[in-house]
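Number of protein chains: 2
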Amino acid sequence: ITTDDKVTRLLRYRSAVRRMKAMGLSRVYSDNIADATGVSALQVRKDFCEEGVRGVRRGGYLVDSVLARLEEVLGKDTTCVFVLVGVGSLGTALLKYDAFAHYGIKIVAAFDVDPAKLDARAPIPVLPVKDLTNYCRTHHIRYAIITVPEGAAIEVYEALVAGGVKGILNFAPVRLRSAGGVIVNNVNLVYEIEQLVYFVKHARSK
Amino acid sequence: ITTDDKVTRLLRYRSAVRRMKAMGLSRVYSDNIADATGVSALQVRKDFCEEGVRGVRRGGYLVDSVLARLEEVLGKDTTCVFVLVGVGSLGTALLKYDAFAHYGIKIVAAFDVDPAKLDARAPIPVLPVKDLTNYCRTHHIRYAIITVPEGAAIEVYEALVAGGVKGILNFAPVRLRSAGGVIVNNVNLVYEIEQLVYFVKHARSK
Ligand SMILES: NC(=O)c1ccc[n+]([C@@H]2O[C@H](COP(=O)([O-])OP(=O)(O)OC[C@H]3O[C@@H](n4cnc5c(N)ncnc54)[C@H](O)[C@@H]3O)[C@@H](O)[C@H]2O)c1
Ligand SMILES: NC(=O)c1ccc[n+]([C@@H]2O[C@H](COP(=O)([O-])OP(=O)(O)OC[C@H]3O[C@@H](n4cnc5c(N)ncnc54)[C@H](O)[C@@H]3O)[C@@H](O)[C@H]2O)c1
Numbered sequence: 004i005t006t007d008d009k010v011t012r013l014l015r016y017r018s019a020v021r022r023m024k025a026m027g028l029s030r031v032y033s034d035n036i037a038d039a040t041g042v043s044a045l046q047v048r049k050d051f052c053e054e055g056v057r058g059v060r061r062g063g064y065l066v067d068s069v070l071a072r073l074e075e076v077l078g079k080d081t082t083c084v085f086v087l088v089g090v091g092s093l094g095t096a097l098l099k100y101d102a103f104a105h106y107g108i109k110i111v112a113a114f115d116v117d118p119a120k121l122d123a124r125a126p127i128p129v130l131p132v133k134d135l136t137n138y139c140r141t142h143h144i145r146y147a148i149i150t151v152p153e154g155a156a157i158e159v160y161e162a163l164v165a166g167g168v169k170g171i172l173n174f175a176p177v178r179l180r181s182a183g184g185v186i187v188n189n190v191n192l193v194y195e196i197e198q199l200v201y202f203v204k205h206a207r208s209k
Numbered sequence: 004i005t006t007d008d009k010v011t012r013l014l015r016y017r018s019a020v021r022r023m024k025a026m027g028l029s030r031v032y033s034d035n036i037a038d039a040t041g042v043s044a045l046q047v048r049k050d051f052c053e054e055g056v057r058g059v060r061r062g063g064y065l066v067d068s069v070l071a072r073l074e075e076v077l078g079k080d081t082t083c084v085f086v087l088v089g090v091g092s093l094g095t096a097l098l099k100y101d102a103f104a105h106y107g108i109k110i111v112a113a114f115d116v117d118p119a120k121l122d123a124r125a126p127i128p129v130l131p132v133k134d135l136t137n138y139c140r141t142h143h144i145r146y147a148i149i150t151v152p153e154g155a156a157i158e159v160y161e162a163l164v165a166g167g168v169k170g171i172l173n174f175a176p177v178r179l180r181s182a183g184g185v186i187v188n189n190v191n192l193v194y195e196i197e198q199l200v201y202f203v204k205h206a207r208s209k
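Here the protein sequences line up with chains A and B, keeping their order. Residues 4 to 209, numbered by the working numbering, are exactly what the first sequence covers, in order. Residues 4 to 209, numbered by the working numbering, are exactly what the second sequence covers, in order.
This is the structure:
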């Protein structure tokens, strides 16, 4: 059985090896993967050995065989369909980010409460938030991204859960809890900055 | 001596109690802090006890005394001055985010390679990236945010390090390494989504 920490590492290896493949590499070494993911080369070799990723005699691993084995272990990578709620400055940046498609991440619809933002005929339609629950239910949406202001996050979360959504990426600085089969990943950019600042200030004293 | 993990928790407690104070609360309980930060109430009480945050007789903690003690432990919160490099869709969203100011985070200048984006008279001036190293050196900039495309991230990183910057928040999907007294925090939104998707897919089997 794969532990959560190992899964996180395997996902990073897959992401790194895919990028290497996109650069034209056909063979990779544990040192390359270590540099790209921040995991030690020893840990990479150990994980690969445990998960049945075989190396080649002359050293290193074949890109295609690493990816094939990781697909078996992590599950076939199907396209994941997301909705996004809150088409403000952060939501708009995420809607424009076409690199998501390389990773099988597809945003199919967005929702907002501001009538000026609504546009049902846009490539990614922007629909009224009052239709959110129904839309998720009829389209069997499993994933959502929340980029609404702090004060609206909980009501949007509840509307998504009512629509059957199972995985939520939340950017509002309010912690939404994973409960009842719904998993929430809270990304708090302020925490990221506060942590950076603390460790810079205290790095000198180490 | 405070470990890294405990520091991360204390930063979260401070952030949560500040938000509670902004809501008008004068007293908080370990359960509130546990809900807001995702740490167990027991761990909150243990950390507070170890760091000398005193509770009150009738239960809970006074907001002002928690914040005063955490300021002593974590260091006085001075305003942190940042530059941002790469004024594209993500960079623009971060420049517009006025909540950073509540946490003492101030972006004073931005840089880009595209002449159409330059505007030295904007509230946050957008300057040519060729001036980045000099600007950081003459203004004693210690922190930077990188929101340039993947291919430009390493050269921007090197220009920042040459300018004396000590802490970098990197959004480009390339891992920049902390080295030589410079600390880099890599935020990879694709990893966040991949991890969410994996745990939703595998949640059912638990
Ligand atoms: N912009 C950033 O760089 C940044 C950084 C960190 C965190 N965040 C967080 O991300 C969230 C979005 O930030 P932003 O800067 O894009 O804000 P914004 O104000 O630009 O956009 C918010 C959008 O949400 C919409 N909205 C409000 N209530 C809604 C509701 N009930 N249902 C649907 N839509 C609703 C608004 O109409 C608006 O379009 C906020 O919670 C913010 O704290 C933003
Ligand atoms: N937009 C998103 O939602 C999102 C999500 C995850 C990660 N990212 C990452 O964040 C970064 C920025 O993404 P974006 O969507 O804002 O891209 P973008 O193309 O909209 O913006 C990039 C900006 O960087 C500038 N630039 C390019 N080379 C530069 C250099 N050498 N020096 C200074 N400026 C330079 C460009 O002129 C442009 O203004 C990318 O690395 C991207 O992979 C973006």
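C-beta atoms are modelled at their ideal positions from N, C-alpha and C, and glycine is treated no differently. On a predicted model such as this, the values are computed, not experimentally measured, just so you know.
Checklist entry - Candidates A:Ala165, A:Gly89, A:Val159, A:Val164: which alpha carbon is nearest Val129 (chain A)'s? => result Put simply, of A:Ala165, A:Gly89, A:Val159, A:Val164 the residue whose alpha carbon is nearest the alpha carbon of Val129 (chain A) is A:Gly89.
Checklist entry - So, is Val20 (chain A) buried or exposed, given that buried needs 16 or more other C-beta atoms within 10 angstroms? => result Flag for Val20 (chain A) reads buried.
Item to check | Selected residue, minimal CA-CA separation from Glu153 (chain B), among B:Ala125, B:Asn189, B:Val42 | outcome: Ranking B:Ala125, B:Asn189, B:Val42 by Cα distance to Glu153 (chain B) puts B:Asn189 first.
Checklist entry - Does ligand 1 have even one heavy atom less than 7 Å from the beta-carbon of Glu161 (chain A)? => result Checking every heavy atom of ligand 1 against the Cβ of Glu161 (chain A), none is found closer than 7 Å.
Next on the checklist: On the DSSP letters alone, give me the boundaries of the alpha helix (DSSP H) that Asn188 (chain B) sits inside.
Outcome noted: Run containing Asn188 (chain B): none in the alpha helix (DSSP H); it sits in the beta strand (DSSP E), 186 to 189.
Checklist entry - Looking at C-alpha atoms only, which residue of A:Pro118, A:Leu73, A:Ile110, A:His143 is the closest neighbour of Ile149 (chain A)? => result Ranking A:Pro118, A:Leu73, A:Ile110, A:His143 by Cα distance to Ile149 (chain A) puts A:Ile110 first.
Checklist entry - Would you say Val193 (chain A) and Ser18 (chain B) are within 8 Å of each other, going by their C-beta atoms? => result Between Val193 (chain A) and Ser18 (chain B), the gap from beta carbon to beta carbon is short of 8 Å.
Checklist entry - Is the beta carbon of Thr95 (chain B) less than 8 Å from the beta carbon of Ser92 (chain A)? => result Yes; because the gap between Cβ atoms is below 8 Å, this pair is in contact.
Checklist entry - Between the beta-carbon of Arg22 (chain A) and the beta-carbon of Val42 (chain A), is there less than 8 Å? => result Cβ distance not < 8 Å, so Arg22 (chain A) and Val42 (chain A) don't count as in contact.
Item to check | Residue-chain proximity (Thr40 (chain A), chain B), Cβ-Cβ < 8 Å | outcome: So yes, Thr40 (chain A) belongs to the interface.
Checklist entry - Nearest chain A C-beta to Gly154 (chain B) closer than 8 Å, yes or no? => result No, no contact with chain A.
Item to check | Of the listed residues B:Pro176, B:Val59, B:Ala162, B:Val203, nearest to Val185 (chain B) (C-alpha basis) | outcome: That would be B:Ala162, whose Cα lies nearest to the Cα of Val185 (chain B).
Next on the checklist: List, in chain order, every chain B residue whose beta-carbon is nearer than 9 Å to that of Glu195 (chain A).
Outcome noted: Against chain B, a Cβ distance below 9 Å from Glu195 (chain A) picks out Leu172, Asn188, Val190.
Item to check | Whole-Å CB distance - Ala123 (chain A) paired with Val86 (chain A), under 8 Å assumed | outcome: A Cβ-Cβ separation of about 14 Å leaves Ala123 (chain A) out of contact with Val86 (chain A) under the 8 Å criterion.
Item to check | As assigned by DSSP and simplified to three states, the class of Asp50 (chain B) | outcome: When secondary structure is reduced to three states using DSSP, Asp50 (chain B) falls in the helix class.
Item to check | Among A:Asp134, A:Thr6, A:Val177, A:Ala155, the one whose alpha carbon lies nearest that of Val76 (chain A) | outcome: Checked all of A:Asp134, A:Thr6, A:Val177, A:Ala155; the closest Cα to Val76 (chain A) is A:Thr6.
Checklist entry - Listed in chain order, which residues of the segment 63 to 87 of chain B have Cβ atoms closer than 7 Å to some Cβ of chain A? => result Residues of the segment 63 to 87 of chain B that bring their beta carbon within less than 7 Å of a beta carbon in chain A comprise Leu77, Gly78, Cys83, in sequence order.
Checklist entry - Got a sec: does ligand 2 put a non-hydrogen atom nearer than 7 Å to the Cβ of Thr136 (chain B)? => result No, ligand 2 has no heavy atom inside 7 Å of this Cβ.
Checklist entry - Can we count Glu153 (chain A) as close to ligand 1, meaning its CB is less than 7 Å from some heavy atom? => result Result yes, Cβ under 7 Å from ligand 1.
Checklist entry - Nearest-angstrom Cα distance between Leu135 (chain B) and Val187 (chain B)? => result Those two C-alpha atoms are separated by around 18 Å.
Next on the checklist: On the criterion of 16 or more Cβ atoms from any shown chain inside 10 Å, does Asn137 (chain B) qualify as buried, or is it exposed?
Outcome noted: Exposed, because fewer than 16 other Cβ atoms sit within 10 Å of the Cβ of Asn137 (chain B).
Item to check | Coil, strand or helix - Phe114 (chain B) by DSSP | outcome: Three-state result, Phe114 (chain B): strand.
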